[in-house]
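Chemist: In our numbering, the protein residues as written are 779 to 886.
(1) Have a look at residue 798 and residue 838 and give me their C-alpha separation to the nearest angstrom.
(2) In the structure shown, what three-state DSSP assignment does residue 802 receive?
(3) Alpha carbon to alpha carbon, what distance is there between residue 858 and residue 840?
(4) Under a three-way DSSP split, which group does residue 862 fall into?
(5) Just the Cα atoms here: how many angstroms apart are residue 872 and residue 860?
(6) Is the beta carbon of residue 952 less than 7 Å from the beta carbon of residue 800?
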């Protein structure tokens, strides 16, 4: 127990001396300030890059969804146009049949 207590006291004393010595050193203060400023700039740059990347990804995803929707609409419109065309052609060139459904047709 006494070894542990002695180690703690020694560590505390060394820590106190180092902190007071370094905090009073102009060179260490300049170093600490440069490190702090560099860290802040890097953090700001990282935040900006993350935001740009997120916006870029969101834009890309939105463009992909829009392209997919446009393709679906295009396919639907083309399909409907073909269906209507087929129905119109069928109605125009339909040969009359003798059936009970529909109005009677005149033969020349």
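Where is the CB? At the ideal position from N, CA and C, for every residue including glycine.
Modeler: According to the structure data:
(1) What you label residue 798 is simply residue 20 of the chain shown in a count that begins at 1. What you label residue 838 is simply residue 60 of the chain shown in a count that begins at 1. In a straight line, the C-alpha of residue 798 is about 54 Å away from that of residue 838.
(2) Walking along the chain shown from the start, residue 802 turns up at place 24. DSSP, read as helix, strand or coil, puts residue 802 in coil.
(3) Taking the chain shown and counting its residues from 1, one reaches residue 840 at position 62. Taking the chain shown and counting its residues from 1, one reaches residue 858 at position 80. Between residue 840 and residue 858, the C-alpha separation is close to 27 Å.
(4) The count along the chain shown starts at 1 and reaches residue 862 at position 84. The answer is helix: DSSP assigns residue 862 an H, G or I state.
(5) What you label residue 872 is simply residue 94 of the chain shown in a count that begins at 1. What you label residue 860 is simply residue 82 of the chain shown in a count that begins at 1. Whole-angstrom Cα-Cα distance: 17 Å.
(6) Absent from the structure is residue 952, since the part of the chain shown begins at 779 and ends at 886.
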